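Chemist:
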Amino acid sequence: MTSDPGRYNSVAIFLHWLLAIAIIGSLCVGLYMTNIPMSPTRLKFYNWHKWAGIIILLLSAARLLWRLLHMPPPLPNSTPSWQQWAARAGHSALYVFFFAVPLAGWAYSSAAGFPIVLFGVIPLPDWVPKDRELAEVLKPIHQYLAYALAATIIVHVAAALKHQFIDRDRILARMGLGS
Amino acid sequence: MKSLIRILLVTTMIAASAGASAQQKMVPAQSEIAFISKQMGVPVDGKFKKFDAQMSFDPKSPQTSKVSFTVDLLSADIGNAETERELKKPGWFDSSKFPQATFTSTAIKGLGGGKFEVAGKLSIKGNSRDIVVPVSVTQAAGVSTARGEFTLKRLEFKIGDGEWNDVSIVANEVVVKFKIAVTGMNPL
């Protein structure tokens, strides 16, 4: 409890918080935009959501690469092994979703006949064909993967808060909050 | 012998004149009318599943030829049910009130080499505009195929009125591409 919680390096910390904002923001926009009637506003939100998704995909690739090249600080020795395992599993799941959710969204967009044009300027390739039936299949896949990502984030945040405020092991310092 | 030649000649002439004025028959399976619009830079393709062409087109006499089209706006297929529902609404095609778009040629000019310039009136949603469309015709196995494309400005036809008139969201320019296959056209 008094041991030094260690600290991720500054690039990892920066990417963590930047992506936290981008991902949570995109999840909220995704929930909102699908529930408003067809309008120019809805179209704008859809395009912003897609652009954000592509940025998240790219930054997640950079982040994964960085993580593979830079070992994170070890968990405190006091962490029970089931928690160590759970933390690893949770983080792995998050990384899987960081890629799966935007990729499914990209595929859905292409299948629905709306290829992604990043910032309205850079056309991205379609890697699935425009196909109405395929779009109907991909839509719930993107949706439920996003829900799964949101659920995993909630568990991730809850676990961090539990450590910080109940176990008082200053875990947030690992991610640059407090010392 | 002389009378036989005369009969042959007369039949040929009748056939030729009939050919010039006769209507050609569209081959729907080989014909296509597609449109491409842009939403925030994203090209969105659609096509019309139902349309018809009335053509009495003689490549040797384009100035006396006539071409017209009717397009069933309710048949717009954009690959996405939500957009199709939106497209039928009053702000867009208003297809219950204006089920069809029409084009009627007013003058056709031959440019040689199977190329033509077709001028005519395009009417959508009760709004008409004069347009000139370059068309190229190719022939193979008894089927003549006319291909061409033109760009229309959707707001001139009040397509996407009201809140949708912001062209930074949906571009004003819509490209229309067509491929009309017909049988019964005189050789080029």
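The listed protein sequences correspond, in order, to chains R and L.
The first sequence begins at 1 in my numbering and counts up by one.
The second sequence begins at 1001 in my numbering and counts up by one.
Ideal Cβ positions, reconstructed from N, Cα and C, are used throughout, including at glycine.
Predicted, not measured: the structure shown is a model, and the values here were computed from it.
1. I need the boundaries of the alpha helix (DSSP H) containing R/P102, first residue and last residue.
2. I need the boundaries of the alpha helix (DSSP H) containing R/M33, first residue and last residue.
3. In terms of residues, what are the limits of the alpha helix (DSSP H) holding L/E1084?
4. Going by the beta-carbon positions, is the gap between R/G6 and R/P73 smaller than 8 Å?
5. Between which two residues does the alpha helix (DSSP H) containing R/F45 stretch?
6. List the whole-angstrom C-beta distance separating L/S1123 from L/T1102, where the pair is believed to meet the contact cut-off of C-beta under 8 Å.
7. How is L/I1078 classed by DSSP in three states: helix, strand or coil?
8. In chain R, which residues lie with their C-beta within 8 Å of the C-beta of L/E1082?
9. Alpha carbon to alpha carbon, what distance is there between L/M1055 and L/K1049?
10. Listed from N- to C-terminal order along the chain, which residues in the stretch 113-138 of chain R have their beta-carbon within a distance smaller than 7 Å of any beta-carbon of chain L?
11. Where R/L43 and R/F99 are concerned, what is the direct C-alpha to C-alpha distance, given to the nearest angstrom?
12. Does the stretch 154-173 of chain R come within contact of the stretch 80-94 of chain R, defined as at least 3 CB pairs closer than 8 Å?
13. Does any CB atom of chain L fall closer than 8 Å to the CB of R/T2?
14. Anyone know if the C-beta pair for L/I1131 and L/V1071 falls short of 8 Å?
15. As a quick exercise: from L/Q1100, L/K1047, L/G1142, L/R1085, pick the residue whose alpha carbon is nearest that of L/T1183.
16. How many Å lie between R/R168 and R/L75 at the Cα?
17. At a Cβ threshold of 8 Å, is R/K162 touching chain L?
Modeler: With the structure as the only source:
1. By one-based count along the first sequence, residue 102 of chain R stands at place 102. It spans 81-111 - the alpha helix (DSSP H) in which R/P102 sits, taken as one unbroken run.
2. Translated into positions along the first sequence, residue 33 of chain R becomes position 33. Element bounds for R/M33: 10-33.
3. Stepping through the second sequence from its first residue, residue 1084 of chain L is reached at position 84. Counting along the chain, the alpha helix (DSSP H) containing L/E1084 begins and ends at 1081-1087.
4. The sequence position of residue 6 of chain R within the first sequence is 6, counting from 1. The sequence position of residue 73 of chain R within the first sequence is 73, counting from 1. Yes, the Cβ-Cβ distance between R/G6 and R/P73 is below 8 Å.
5. Here residue 45 of chain R corresponds to residue number 45 of the first sequence, with the count starting at 1. Note, R/F45: alpha helix (DSSP H), 40-69.
6. For this step, residue 1123 of chain L is matched to residue 123 along the second sequence. For this step, residue 1102 of chain L is matched to residue 102 along the second sequence. At roughly 5 Å, the Cβ-Cβ gap stays under 8 Å, so L/S1123 and L/T1102 are in contact.
7. Residue mapping note: residue 1078 of chain L aligns to position 78 of the second sequence, counting from 1. In the structure shown, L/I1078 sits in coil (DSSP, three-state: anything other than H, G, I, E or B).
8. Within the second sequence, numbered from 1, the residue matching residue 1082 of chain L stands at position 82. Under the 8 Å cutoff, chain R gives M38.
9. Residue numbering aside, residue 1049 of chain L sits at position 49 when the second sequence is read from its first letter. Residue numbering aside, residue 1055 of chain L sits at position 55 when the second sequence is read from its first letter. About 19 Å.
10. G113, F114, P115, V117, G120, V121, K130, R132
11. Position 43 of the first sequence, counted from the first residue, corresponds to residue 43 of chain R. Position 99 of the first sequence, counted from the first residue, corresponds to residue 99 of chain R. One C-alpha to the other measures close to 24 Å.
12. yes
13. As a working mapping, residue 2 of chain R is identified with position 2 in the first sequence. Residue placement at R/T2 is poorly supported in this model, since its pLDDT is 44, which falls under 50; the coordinates are not used for a value here.
14. To locate residue 1131 of chain L, count along the second sequence from 1; it is residue 131. To locate residue 1071 of chain L, count along the second sequence from 1; it is residue 71. No, they are not a contact pair.
15. On the second sequence, position 183 is the one that residue 1183 of chain L refers to. Nearest of L/Q1100, L/K1047, L/G1142, L/R1085 to L/T1183, Cα basis: L/G1142.
16. Within the first sequence, residue 168 of chain R is the residue found at index 168, counting from 1. Within the first sequence, residue 75 of chain R is the residue found at index 75, counting from 1. In a straight line, the C-alpha of R/R168 is about 14 Å away from that of R/L75.
17. Here the question's residue 162 of chain R lines up with position 162 in the first sequence. By this cut-off, R/K162 is not an interface position.
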